[in-house]
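> Protein chains in written order, with my numbering: chain Z, 181 to 416; chain G, 107 to 401. Glycine residues also receive a C-beta, built at the ideal position from the N, C-alpha and C atoms. Just so you know, these numbers come straight off a predicted model, no measurement behind them.
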Ligand SMILES: Nc1ncnc2c1ncn2[C@@H]1O[C@H](COP(=O)(O)OP(=O)(O)O)[C@@H](O)[C@H]1O
Ligand SMILES: [Mg+2]
């Protein structure tokens, strides 16, 4: 049984359909990338999994149970945690408060002192900035807080929406290294990216999303070698 | 000269009570992002609860807080949960849900008319309470004791709310929701529950303001209307969603109201208050404290 299983979902904004009969699955312990250009529907897919939008048709199962009708807080409580596109930190709250809010769900709340130490161990820079307001951080630091906040929820699966967006190349490398580290420590990762090369090279498998449909899927290395992906996404 | 100082002090004291009432409005606005037009009516309800609690038991007016605060919290919580939440849900994608404003206006009319039906139009006050008419003499100046109690209650309430928002799990969730609803949902925070809690808090604070008024003010069904407009003006003056701003804005209005009549007729002081309000709307819509919703 897959940890997360998406079965033929259709998603609409009002009358406009943006996701068409999409299916995918993520096994426990995997790192899976979803790649695709702007407007392909990647964020919509993650928002749907998180329960911010409900699919009009199809089913989403987590640990075998349908979750597509659950509210976002219940989905987080089950262990599906999203780090949204553009970080979406609580701008006027301190770094520490942002992290603590990440541990809002009951399961995580009990262990938050321990988890925050783990987050600071992963991102030592944040420990020096605990009292600083999130809005005053650099882009790279903000992404660290966003990922740290996600980890505070004790995810069974961590979903990252374009973690490299807007970062300098050197920082992008750091962020992807961190994602790898998180995966190696046992967290399942579902990552949406436009940086195809980096994301696929640290993933086990990938899906290519085009106009709200899966255009291709397979082992990451196979996708990296694929001629269509080479021309369309890697500019080779 | 002395009378100006005296009026200023009494103005600050009365203004802090306005600020306290506005604090409730600002808490609700900070989270729901809609102006609650029923706020004055909630204050009215709080005053009646306090009035009856004191009248029936003979307790000290301020002891009625132990009744008023929980009753008003639950009242506000349920009001939001039963009446307002369904509209929020159906207008999820709307930035400024105008229907919510319409509903709060409806609540205003219903509450005021219910009060009229149940309690009648007469002005009520608690004649024998230990605070009524008490004055503190400082040199040649007279300071109103019940307003002084109101002043300290306003400060204490603001402090309690501040600490709640800063130091507790639920308080942080309220702040997070006020800053970014969707991001808060993604942290596992039930938005609608937070709206209920914020509305309950705002209503409880309106109730506290009601308690501070009962020792020296008349209770009648439309008493809230007098405070409604002041609260809006204060909240704009102080910056929408700001705690310190609400208190300071209240005190400014209080001072203008009490010192102004020494120099001009009372209608003019009202004109000044409105002019100040408009000036802020045009020149500094973020209010005195500048930052958006800084708690
Ligand atoms: N809130 C919204 N309302 C209406 N359409 C939207 C909304 N958000 C995204 N869309 C549309 O849905 C499509 C997919 O968007 P999105 O999921 O953000 O793509 P991606 O994350 O892959 O760039 C786009 O055509 C976009 O314009
Ligand atoms: Mg996107």
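Around the C-beta of residue 258 of chain G, are 16 or more other C-beta atoms found within 10 angstroms, so that it is buried, or is it exposed?
exposed
> So, do the stretch 149-158 of chain G and the stretch 313-325 of chain G have three or more beta carbon pairs nearer to each other than 8 Å?
yes
> Just how far apart, CA to CA, sit residue 330 of chain Z and residue 127 of chain G?
In this structure, the straight-line span from the alpha carbon of residue 330 of chain Z to that of residue 127 of chain G is close to 38 Å.
> Tell me, please, whether the CB atom of residue 286 of chain G is closer than 8 Å to any CB atom in chain Z?
Taking 8 Å as the threshold, the shortest C-beta distance from residue 286 of chain G to chain Z falls below it.
> With DSSP as the reference, label residue 240 of chain Z as helix, strand or coil.
strand
> Spatial neighbours of residue 229 of chain G within its chain, please: CB distance less than 6 Å, with the 5 preceding and 5 following residues excluded, ordered by chain position.
324, 326
> Say the cut is 7 Å; is the CB of residue 342 of chain Z nearer than that to a heavy atom of ligand 2?
yes
> Is the stretch 228-244 of chain G touching the stretch 400-413 of chain Z, taking contact as three or more C-beta pairs under 8 Å?
no
> Give me the Cα-Cα distance between residue 217 of chain Z and residue 279 of chain G, rounded to the nearest whole angstrom.
Each residue's Cα considered, the two are about 34 Å apart.
> Quick one: what does DSSP say residue 376 of chain G is sitting in, helix, strand or coil?
helix
> Which one of Z/233, Z/191, Z/362 has the shortest CA to CA distance from residue 299 of chain Z?
Z/362
> Give a yes or no on whether 8 Å exceeds the smallest Cβ distance from residue 392 of chain G to chain Z.
no
> List, in chain order, every chain Z residue whose beta-carbon is nearer than 9 Å to that of residue 279 of chain G.
281, 284
> Taking 8 Å as the CB-CB cut-off, is residue 289 of chain Z touching chain G?
At least one chain G Cβ lies under 8 Å of residue 289 of chain Z.
> Would residue 292 of chain G count as contacting chain Z if we go by Cβ distances under 8 Å?
yes
> With distance defined between alpha-carbon atoms, name the residue in G/189, G/363, G/111 nearest to residue 213 of chain G.
G/189
> Listed in chain order, which residues of the stretch 242-265 of chain Z have Cβ atoms closer than 9 Å to some Cβ of chain G?
Residues 251, 252, 253, 254, 255, 256, 257, 261, 262, 263, 264.
> Taking all protein chains shown into account, decide if residue 222 of chain Z is buried (16 or more other Cβ within 10 angstroms of its Cβ) or exposed.
buried
> Tell me whether the beta-carbon of residue 233 of chain Z lies closer than 8 Å to the beta-carbon of residue 337 of chain Z.
In this structure, residue 233 of chain Z lies away from residue 337 of chain Z, with their beta-carbon atoms at least 8 Å apart.
> Whether or not the stretch 304-311 of chain G and the stretch 130-144 of chain G are in contact is what I'm after, with contact meaning three or more pairs of Cβ atoms, one per stretch, closer than 8 Å; do they touch?
yes
> Considering residue 200 of chain Z, what are the terminal residues of the beta strand (DSSP E) in which it resides?
196-206
> Can you tell me whether residue 168 of chain G is buried or exposed? The criterion is at least 16 other CB atoms within 10 Å of its CB, across all chains shown.
buried
> Is any heavy atom of ligand 1 found at a distance shorter than 7 Å from the C-beta of residue 216 of chain Z?
Set against 7 Å, the gap from the CB of residue 216 of chain Z to the closest heavy atom of ligand 1 is smaller.
> Based on the DSSP secondary-structure assignment, which residues constitute the bridge partners of residue 189 of chain Z?
Z/202
> Counting only runs of 3+ residues fully inside the stretch 292-347 of chain Z, write out the beta strand (DSSP E) ranges in chain order.
337-341
> Check for me: the beta strand (DSSP E) holding residue 377 of chain Z runs from which residue to which?
It is not in any beta strand (DSSP E) - residue 377 of chain Z instead sits in the alpha helix (DSSP H) that spans 376-381.
> For the stretch 190-203 of chain Z against the stretch 390-399 of chain Z, are there 3 or more C-beta pairs whose distance is under 8 Å?
yes
> Return the first residue and the last residue of the beta strand (DSSP E) that residue 421 of chain Z is part of.
Any property of residue 421 of chain Z remains undetermined from this structure, which presents chain Z solely from 181 to 416.
> If the cut is a Cβ gap below 7 Å, which residues of chain G does residue 277 of chain Z touch?
Neighbourhood of residue 277 of chain Z in chain G, by CB distance below 7 Å: 278, in chain order.
> Would residue 333 of chain Z pass as an interface residue toward chain B - the criterion being a Cβ-Cβ separation below 8 Å?
This model lacks chain B altogether; the protein chains it does include are Z and G.
> Give the range of the alpha helix (DSSP H) segment to which residue 178 of chain G is assigned.
171-185
> Going by DSSP, name the residue or residues bridged to residue 231 of chain G.
Bridge partners of residue 231 of chain G: none, in fact.
> Assuming residue 345 of chain Z and residue 214 of chain Z are in contact, meaning their beta carbons sit under 8 Å apart, how far apart are those beta carbons, in whole angstroms?
Not confirmed; about 14 Å, so no contact.
> Between the C-alpha atoms of residue 239 of chain G and residue 338 of chain G, what's the straight-line distance to the nearest angstrom?
29 Å
> Could you check what DSSP says for residue 331 of chain G in three-state terms: helix, strand or coil?
helix
> If we count the other Cβ atoms within 10 Å of its Cβ and call it buried at 16 or more, is residue 285 of chain Z buried or exposed?
buried
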